[in-house]
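Written out below as structure tokens is the structure these notes cover.
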Amino acid sequence: MTNLIKKANTLTWKIVKRVSGNNCCGGGRSVSLLLETFPESHVTGVDYSILSVDKAKSYNRDKINEGRCTVFQGDVSSLDLPHETFNLATAFETIYFWPGLDRCFKQVADILRPGGYFMICNESEGTDASSLKYEKIIEGMKIYTAPEIEAALKTAGFSDVKTYHHSSKPWICVLSRK
Numbered sequence: 016m017t018n019l020i021k022k023a024n025t026l027t028w029k030i031v032k033r034v035s036g037n038n039c040c041g042g043g044r045s046v047s048l049l050l051e052t053f054p055e056s057h058v059t060g061v062d063y064s065i066l067s068v069d070k071a072k073s074y075n076r077d078k079i080n081e082g083r084c085t086v087f088q089g090d091v092s093s094l095d096l097p098h099e100t101f102n103l104a105t106a107f108e109t110i111y112f113w114p115g116l117d118r119c120f121k122q123v124a125d126i127l128r129p130g131g132y133f134m135i136c137n138e139s140e141g142t143d144a145s146s147l148k149y150e151k152i153i154e155g156m157k158i159y160t161a162p163e164i165e166a167a168l169k170t171a172g173f174s175d176v177k178t179y180h181h182s183s184k185p186w187i188c189v190l191s192r193k
């Protein structure tokens with residue numbers, strides 16, 4: 016599991032750098048990078064948007080055909096995935112739109128194996144004015160601060176919650192363990 020965390024930490028900024036600033040987080044790039052980073056793993060991608068699901072399927076078509084990847088439409092507040100199956104769950108630039116962090120994080124905890132990790136990467140730490148303006152113009156968007164995310168994770172049953180801040184940007188990565 017230590018190797019998983021080392022790879023996840025290295026992967027975090029690599030993914031954030033590649034996908035932040037463009038609206039393709041649900042479009043398959045983070046799935047592709049997870050497949051690249053964990054070459055012996057199967058990656059399951061879930062997105063609420065059918066458009067994002069279609070893009071992710073197209074972007075990762077070869078890996079899907081190889082049986083290394085599955086992508087489907089779903090709702091994080093009611094995940095239709097087997098319990099205690101996954102070692103790592105990730106959320107890149109998406110919790111802004113999740114309906115109730117406590118409930119959604121509990122769903123994530125339910126699919127993780129004991130000792131599994133949940134990694135959240137956001138382009139905004141919830142305190143920078145330039146990002147907060149988007150809450151006013153994008154319907155349903157809520158930018159959470161690191162303490163709000165940490166509290167919701169703990170309420171959902173996660174422990175070892177650690178927040179990492181980018182040195183020069185308002186990006187954060189929150190890593191927690193079930």
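According to the numbering used here, the sequence shown holds residues 16 to 193 in order. Even glycine gets a Cβ: it sits at the ideal position worked out from N, Cα and C.
Using the C-alpha atoms, what's the distance from residue j back to residue i?
i	j	result
Asn-75	Arg-83	10 Å
Glu-165	Ser-73	34 Å
Leu-147	Gly-141	7 Å
Ser-191	Lys-121	13 Å
Lys-193	Met-134	11 Å
Gln-88	Pro-129	25 Å
Thr-85	Val-68	10 Å
Ala-167	Gly-43	27 Å
From what residue to what residue does the alpha helix (DSSP H) around residue i run?
i	result
Ile-158	It is not in any alpha helix (DSSP H) - Ile-158 carries neither H nor E in the DSSP assignment.
Thr-52	44 to 52
Whose CA, out of the options, lies closest to the CA of residue i?
i	options	result
Pro-162	Leu-66, Tyr-179, Glu-154, Ser-92	Tyr-179
Val-58	Phe-101, Leu-168, Ser-64, Ile-65	Phe-101
Ala-171	Lys-184, Lys-151, Ala-71, Gly-115	Gly-115
Val-91	Leu-48, Phe-112, Ala-71	Phe-112
For residue i, report the span of its beta strand (DSSP E) as first-last.
i	result
Ser-174	174 to 180
Asp-69	Where Asp-69 is concerned, there is no enclosing beta strand (DSSP E), although the alpha helix (DSSP H) it sits in stretches over 65 to 74.
According to the neighbour-count rule (16 or more other Cβ atoms, all chains shown, within 10 Å of its Cβ), is residue i buried or exposed?
i	result
Ser-45	buried
Asp-95	exposed
Thr-109	buried
Lys-78	buried
Ala-144	exposed
Leu-66	exposed
Start-end ranges of the beta strand (DSSP E) lying completely within the stretch 78 to 133, minimum 3 residues | If only complete runs of 3 or more residues are kept, the stretch 78 to 133 shows the beta strand (DSSP E) at 84 to 88, 101 to 107, in order along the chain.
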